[in-house]
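Just so you know, we're using the numbering used here here: the sequence shown kicks off at 8 and counts up by one.
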Amino acid sequence: MLNPTTEHEHTDSIQTIVERAQRSMVYNLTETARRLHPTGQVTTLFLQCGGAGIFVPDSSDFRLNFAFSTCSGLFEHDIRVLENTYVFCDRPVIIFIPISAPEATFDRLKARGFSARGGSNNVLFRSLDDIETTQPVQFKTSTVVDDMIIAPATSDEFDAFVEYHSRGSNGVPSESLKLTAEITTQIPHTTIFLARLDGRIIAATSVTALEVESGEVAAYTGLTSTLAECRGRGVSSALKRRVHTWAKERGHRWVFAHVESDNSNMRVLEKLGYRSLFPHAVYAKASGSGSCSRT
Numbered sequence: 008m009l010n011p012t013t014e015h016e017h018t019d020s021i022q023t024i025v026e027r028a029q030r031s032m033v034y035n036l037t038e039t040a041r042r043l044h045p046t047g048q049v050t051t052l053f054l055q056c057g058g059a060g061i062f063v064p065d066s067s068d069f070r071l072n073f074a075f076s077t078c079s080g081l082f083e084h085d086i087r088v089l090e091n092t093y094v095f096c097d098r099p100v101i102i103f104i105p106i107s108a109p110e111a112t113f114d115r116l117k118a119r120g121f122s123a124r125g126g127s128n129n130v131l132f133r134s135l136d137d138i139e140t141t142q143p144v145q146f147k148t149s150t151v152v153d154d155m156i157i158a159p160a161t162s163d164e165f166d167a168f169v170e171y172h173s174r175g176s177n178g179v180p181s182e183s184l185k186l187t188a189e190i191t192t193q194i195p196h197t198t199i200f201l202a203r204l205d206g207r208i209i210a211a212t213s214v215t216a217l218e219v220e221s222g223e224v225a226a227y228t229g230l231t232s233t234l235a236e237c238r239g240r241g242v243s244s245a246l247k248r249r250v251h252t253w254a255k256e257r258g259h260r261w262v263f264a265h266v267e268s269d270n271s272n273m274r275v276l277e278k279l280g281y282r283s284l285f286p287h288a289v290y291a292k293a294s295g296s297g298s299c300s301r302t
């Protein structure tokens with residue numbers, strides 16, 4: 008067991024890894040945005056506090072108007088940069104900021120017209136160092152898990168993945184979910200895993216390789232969805248364990264995810280050995296609200 012000092016230092020090093028991984032993800036998203044909008048303007052933001060964001064001002068559908076703060080707070084300069092980039096161009100801005108941030112940070116946001124949105128998000132993290140020796144986590148068994156086949160999707164299967172994901176949990180087609188899936192297929196260094204039962208897709212997830220050190224990579228796992236009729240049978244857990252093995256075989260040392268705190272996927276990840284690194288509160292400012300001074 009780590010002593011308190013060592014554990015604190017270990018947590019700091021993990022936070023640094025995740026900060027670098029998030030920045031790497033922003034680079035990947037920037038490249039994706041430029042692919043999808045080759046004639047448009049794409050702006051990448053790197054904040055003094057260690058966060059990062061991306062902005063595509065001339066697209067009504069590619070709404071990557073967000074910023075992550077992985078530090079303990081936001082500098083006044085960072086808030087102004089976000090305002091001037093997003094709100095000045097008549098776009099809303101969404102900020103994910105650790106709930107452990109000083110109260111003064113939230114007061115500063117509120118004073119500038121930001122308001123808290125319902126719910127919270129969480130960055131979860133897991134080392135893959137022990138993936139070969141850790142005993143499998145026990146889950147409910149089912150014929151679904153026994154019979155399904157999990158494999159990386161080929162480019163020929165991307166359309167099937169997009170069609171599957173666009174239906175969402177309620178089975179009703181959604182243009183927003185469709186766009187998210189289409190973007191995912193374009194993100195560099197991303198592999199999509201499909202779980203099939205009798206040839207039908209019943210679950211899917213994505214994993215993106217992110218460089219966090221010279222020669223060191225972490226895996227970001229996201230966009231996981233399971234058919235409602237197959238939930239509670241260990242499908243999502245089996246899918247994630249397959250991703251862990253795949254990532255470890257390719258030299259990844261860490262895996263992390265960014266999920267809503269009340270999402271059932273978060274509970275699955277915790278059972279798989281993930282731990283919370285920093286839960287985020289979500290603050291937003293509507294487009295055109297308040298004043299924007301250029302700095």
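All C-beta atoms, glycine included, are put in the ideal place defined by N, C-alpha and C. From a predicted model like this one, the values you see are computed outputs, not experimental measurements.
C-alpha distance - residue i paired with residue j, whole-angstrom precision
i, j, result
"F146", "L234", "Because the pLDDT at F146 is just 39, under 50, the model does not fix this residue reliably, and the value given afterwards should be weighed accordingly. Taking the straight line joining both Cα atoms gives about 18 Å."
"V130", "G229", "11 Å"
"K255", "Y227", "13 Å"
"S268", "D205", "33 Å"
"E6", "T215", "The displayed coordinates of the chain run from 8 to 302. Any statement about residue 6 would go beyond what the structure contains."
"V179", "S232", "14 Å"
"K117", "D137", "43 Å"
"L186", "T39", "13 Å"
"R274", "G241", "12 Å"
"I190", "F113", "32 Å"
"E236", "L36", "32 Å"
"L279", "N270", "15 Å"
"R87", "A111", "16 Å"
"S173", "A188", "7 Å"
"G239", "R115", "43 Å"
"N128", "R27", "19 Å"
"L184", "T197", "18 Å"
"W152", "Y281", "According to the sequence provided, residue 152 is Val. The question's Trp does not apply to it. V152 and Y281: Cα-Cα distance of roughly 21 Å."
"A108", "N91", "23 Å"
"Q22", "V250", "22 Å"
"R257", "D166", "26 Å"
"R203", "T161", "14 Å"
"S79", "S122", "Residue confidence is low: S79 scores 49 on pLDDT, short of 50, so the model does not pin down where it sits. Its coordinate-derived value is still stated next. Taking the straight line from one Cα to the other gives about 18 Å."
"Q29", "N272", "20 Å"
"A293", "E83", "18 Å"
"T192", "R42", "12 Å"
"L201", "L276", "18 Å"
Pair within 7 Å by beta-carbon distance, residue i and residue j
i, j, result
"I106", "A291", "no"
"S213", "I199", "yes"
"L284", "F132", "yes"
"Y171", "I208", "yes"
"I24", "V219", "yes"
"A225", "W261", "yes"
"R119", "V289", "no"
"L217", "S20", "no"
"H287", "L135", "no"
"A211", "F168", "yes"
Local conformation of residue i per DSSP, three classes
i, result
"N270", "coil"
"T161", "coil"
"A108", "coil"
"R87", "helix"
"R257", "coil"
"R203", "strand"
"S307", "Given that the chain is displayed from residue 8 to residue 302, the structure contains no residue 307 and the question cannot be resolved."
"S183", "helix"
"L234", "coil"
"I208", "strand"
"I190", "helix"
"R240", "coil"
"R115", "helix"
"R42", "helix"
"D137", "coil"
"R174", "coil"
Residues bridged to residue i (per DSSP)
i, result
"F263", "F132, Y227"
"Y290", "I102, A123"
"R282", "F132"
"L217", "A225"
"T198", "V214"
"I156", "R203"
Any non-hydrogen atom of the ligand SAH closer than 6 Å to residue i Cβ
i, result
"E90", "Here there are no bound small molecules, and the ligand SAH is not part of this structure."
Three CB pairs or more closer than 8 Å across the stretch 154 to 170 and the stretch 238 to 246: yes
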